[in-house]
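Visitor: One structure, as structure tokens, below. Some questions next.
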Amino acid sequence: MSRNKIGSMKKEIFGIIMMAIMLAGCDPGTGHLTGVQGRRVFYPEVPLGMVYIPSGSYTMGQSDEDVPFLHQSRSKVASVFAFYIDNTEITNNEYREFVEWVKDSIMLERVYENALNLNVDGIVIKDEISDEQLGDMLNHSDVYFDESAGEWKVWADEFDPGDPYFRENFNLSWSMKGITDFQILPLVSDLYLKPNERWYNMRQIDVNQLTFKYYWVDIREAAKRGEVNIKRNGFKPESGGSGGEPTNRSLDPQHRDLKTPTTNFVGEPIGLDENLGWFNTKGENNAIRGHSNRGQFIIEEQIRVYPDTLCWIRDFTYSFNDPMVNMYFWHIAYDNYPVVGVTWKQAKAFSHWRTQKLNSWLSKQGMTWVQDFRLPTEAEWEFASRGGLKQSPYPWGGPYIRNSNGCMLANFKPMRGRYVDDGGFYPVKAYSYNPNGFGLYCMSGNVAEWTETAYDESVYEFSNDMNPDYRYYALDWDPPTLKRKVIRGGSWKDIGYYLQNGTRTYEFQDTTKSYIGFRCVQTHIGRGGTDFDREGGDNARSDIEL
């Protein structure tokens with residue numbers, strides 16, 4: 001492309017931008033405050049597979065006196081804002097979509113990154129992948145803005161497949177026109193198990209390479225005023241001092257990024273909020289505080305996504321559960337069964353991926369983003385589990401676990417050695433048994449469920465009565481007690497006590513269990529009233545009318 005054509009294209013783009021600015025600023029208006037005009041009307045939608053839970057208040061905790069566990073099951077009146085929640089636990093097939101997406105993404109990365117090196121084991125592939133074919137793998141436009149150079153550039157003239165800039169600034173696409181399997185296989189061969197690791201010489205993906213990278217913003221750390229994340233420098237005191245003295249406490253400047261603190265806390269720590277105020281001519285300061293670099297609060301996560309199938313063996317000694325190891329996650333017969341063997345971190349990673357998946361689609365449709373998918377707080381989970389029934393011990397009401405015909409109302413362990421009396425043995429399909437008043441299945445039994453809340457026996461004593469929650473993101477050197485997360489609902493191997501709405505227990509965030517799954521929630525955007533059909537749009541002039 002000639003320089004004249006590039007210059008002409010730059011002028012056209014600049015002219016379009018300036019015209020848009022002029023049109024936006026030429027509206028004389030009425031002189032009155034009208035707000036920004038031209039914004040769309042928002043109509044909330046219930047995400048597929050979810051149920052709308054309106055705002056409400058209830059009494060958290062046990063519905064009946066529980067003397068042995070009185071300290072950790074105190075009652076507390078609290079209010080919860082409206083949200084959406086999955087009507088079933090996340091199933092094997094739904095989680096498998098996440099695994100397949102990660103696998104495809106990594107495979108595509110390998111094709112792109114290894115395309116320049118086509119000499120595999122001494123065999124040179126003659127049919128090379130051309131630069132044009134690599135270009136088709138990128139979702140790009142003809143012109144892009146180079147931030148480092150501060151100018152617009154023509155993509156076709158600047159493309160270099162070896163330059164990581166193009167991978168970082170454009171999304172890869174599977175629309176690889178004209179690329180054959182003969183070209184792809186040598187580029188992704190290292191993603192498969194090595195020959196000595198294969199069973200009956202079957203070529204299978206090495207699941208240890210299936211890692212998902214995502215980012216989240218630590219807004220709680222950023223919101224602190226003059227506070228920083230300071231931790232004791234390990235468990236061994238440094239020479240000439242005690243590990244408990246302030247001089248031997250250390251700061252993690254990357255905020256949970258490092259495994260071990262390396263430097264002592266000296267001087268101004270990274271992360272301390274700054275005085276961003278402005279002094280007027282009189283000397284008054286508007287007292288605005290904040291951070292000049294928010295990048296320090298953007299946390300990078302990378303985690304393996306494949307479930308731990310060996311948890312079926314690890315959880316039970318002297319028990320034959322080998323068939324569940326071999327078949328439970330991947331076989332089509334278990335597609336609609338709840339996924340198990342995922343850690344608390346993996347459940348959070350799934351929620352982030354689900355958010356990216358939906359927001360990417362909304363962007364393509366020209367629609368605005370919505371709230372993130374996430375794990376429910378303990379208060380949200382219990383409110384949803386009660387199904388609108390106050391002071392009820394179980395999601396179906398109670399006080400019994402059997403109906404009038406003597407049939408069990410959930411999948412649990414009714415009596416010692418009697419796993420089958422409820423109609424199941426291991427987990428059953430996620431939509432088994434009758435739903436509660438909100439239309440949610442298996443809030444009691446089947447599999448216990450991760451929540452966002454960190455476990456503390458006294459949390460009801462100090463948590464807020466508005467959206468109560470307690471979070472602690474445990475660091476690597478924290479004691480195990482700080483790595484506990486609340487699980488709710490009981491499971492197929494638990495007794496009836498754990499099926500109660502108010503029963504709370506815990507599991508460690510880095511462990512996998514054959515009886516723990518999860519479901520996602522999403523905070524509602526709007527008033528959160530009971531009449532969902534009137535939540536969006538301009539039907540009502542005031543929220544009070546709802």
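Oh and the sequence shown: position 325 is 325 in full-length UniProt numbering, straight run, nothing missing.
Quick reminder that beta carbons are idealized off the backbone N, C-alpha and C, glycines included.
(1) Where are the beta strand (DSSP E) runs, 3 residues long or more, that stay fully inside the stretch 400–485, in chain order?
(2) By a C-beta neighbour count over all protein chains shown, 10 Å radius and 16 as the cutoff for buried, is Arg519 buried or exposed?
(3) For Lys213, list the residues DSSP reports as bridge partners.
(4) Determine the extent of the alpha helix (DSSP H) in which Lys364 is found, giving its start and end residues.
(5) On a Cα-Cα basis, can you pick out the residue from Lys348, Phe383, Asp104, Trp396 that is closest to Ala82?
(6) Alpha carbon to alpha carbon, what distance is there between Gly341 and Ile513?
(7) Touch check for the stretch 350–365 and the stretch 327–336: three-plus C-beta pairs under 8 Å?
(8) Residues in the same chain with beta-carbon distance under 7 Å from Ser363, minus the five sequence neighbours each way, listed in chain order, please.
(9) Taking the alpha carbon of Val217 as the point to measure from, which residue in Gly56, Met107, Tyr473 has its own alpha carbon closest?
(10) Who are the Cβ neighbours of Leu409 in its own chain at under 7 Å, not counting the five residues just before and after it?
(11) Given a threshold of 16 other Cβ atoms within 10 Å of its Cβ, counted over all protein chains shown, does Thr91 qualify as buried or as exposed?
(12) With a threshold of 6 Å on Cβ separation, who are the neighbours of Val120 within its own chain once the five nearest residues in sequence on each side are excluded?
(13) Taking the alpha helix (DSSP H) that Met327 belongs to, which residues open and close that run?
(14) Relative to the C-alpha of Lys224, which candidate in Tyr192, His291, Gly528, Glu378 has its C-alpha closest?
(15) From which residue to which residue does the beta strand (DSSP E) around Ala149 run?
(16) So is Tyr200 buried or exposed if we call it buried at 16+ other beta carbons inside 10 Å?
(17) Which same chain residues, not among the five before or five after Tyr431, have their C-beta less than 6 Å away from its C-beta?
(18) Who are the near neighbours of Asn325 in its chain, counting only those whose CB is closer than 8 Å to its CB and skipping five residues on each side?
(19) I need the DSSP call for Pro376, collapsed to helix, strand or coil.
(20) Around the Cβ of Glu380, are there at least 16 other Cβ atoms within 10 angstroms (buried) or fewer (exposed)?
(21) Tell me where the beta strand (DSSP E) around Ala222 begins and ends.
(22) Tell me the rounded alpha-carbon separation between Val447 and Asp86.
(23) Report the three-state DSSP secondary structure of Tyr192 (helix, strand or coil).
(24) So, using beta-carbon positions, are Lys194 and Gln302 closer together than 8 Å?
(25) Please classify Asp494: is it buried, with 16 or more other beta-carbons within 10 angstroms of its beta-carbon, or exposed?
(26) Return the bridge partner residues of Pro338 from the DSSP annotation.
(27) Using only the alpha-carbon positions, how far apart do Ser458 and Leu33 sit?
(28) How about Gln346 and Gln522: are their beta carbons less than 8 Å apart?
(29) Grab the span of the alpha helix (DSSP H) containing Ile313 for me, first residue to last.
(30) Leaving out five residues before and five after Lys76 in sequence, what residues of the same chain have Cβ atoms less than 8 Å from its Cβ?
(31) Assuming Lys76 is part of the beta strand (DSSP E), what are its boundary residues?
(32) Between Pro246 and the rest of its own chain, which residues show a CB-CB distance below 6 Å, the 5 nearest in sequence each way excluded?
(33) I'd like to know whether the C-beta atoms of Gly526 and Glu449 end up nearer to each other than 8 Å.
(34) Sorted by chain position, which residues of the same chain lie with C-beta nearer than 6 Å to Tyr95's C-beta, five sequence neighbours on each side aside?
(35) For Glu221 and Glu197, what's the separation of their Cα atoms in angstroms?
(36) For Gly388 and Gly56, I'd like the C-alpha separation in whole angstroms.
Guide: Result, derived from the coordinates:
(1) 448–454
(2) Around the beta carbon of Arg519, 16 or more other beta carbons lie within 10 angstroms, which makes this residue buried.
(3) Gln302
(4) 344–364
(5) Phe383
(6) The displayed chain sequence assigns Lys, not Ile, to residue 513. Computed Cα separation, rounded: 5 Å.
(7) no
(8) none
(9) Tyr473
(10) Answer for Leu409: Trp396, Ile401, Arg402, Asn403, Tyr433, listed in chain order.
(11) buried
(12) Because the pLDDT of Val120 is 47, which lies under 50, any placement of that residue in the model is unreliable, and the number read from its coordinates should be weighed accordingly. Pro186.
(13) 322–327
(14) His291
(15) Where Ala149 is concerned, there is no enclosing beta strand (DSSP E), given that its DSSP letter is neither H nor E.
(16) Counting Cβ neighbours within 10 Å, Tyr200 comes out exposed, since fewer than 16 surround it.
(17) In the same chain as Tyr431, and ignoring 5 residues on each side of it, the C-beta atoms closer than 6 Å to its own belong to Thr88, Tyr441, in chain order.
(18) First, the residue type needs correcting, since residue 325 is Val and not Asn in the sequence shown. For Val325, where only same-chain residues beyond five positions count, the Cβ hits under 8 Å are Thr309, Leu310, Trp312, Ile313.
(19) DSSP, read as helix, strand or coil, puts Pro376 in coil.
(20) Classification of Glu380: buried, given that the 10 Å Cβ count is 16 or more.
(21) First-last for Ala222: 219–222, but that is the alpha helix (DSSP H), not the beta strand (DSSP E).
(22) 14 Å
(23) DSSP places Tyr192 in the strand class (E or B) of the three-state scheme.
(24) no
(25) buried
(26) Thr91
(27) 49 Å
(28) no
(29) 311–314
(30) The beta carbon of Lys76 lies closer than 8 Å to those of Thr59, Met60, Gly61, Tyr460, Ser463, Asp465, Pro468 in the same chain, with the five residues before and after it left out.
(31) 76–80
(32) Because the pLDDT of Pro246 is 42, which lies under 50, any placement of that residue in the model is unreliable, and the number read from its coordinates should be weighed accordingly. Listed in chain order, the non-local C-beta contacts of Pro246 below 6 Å within the same chain number zero, local neighbours out to five positions each way being set aside.
(33) no
(34) Val339
(35) Taking the straight line from one Cα to the other gives about 44 Å.
(36) 9 Å
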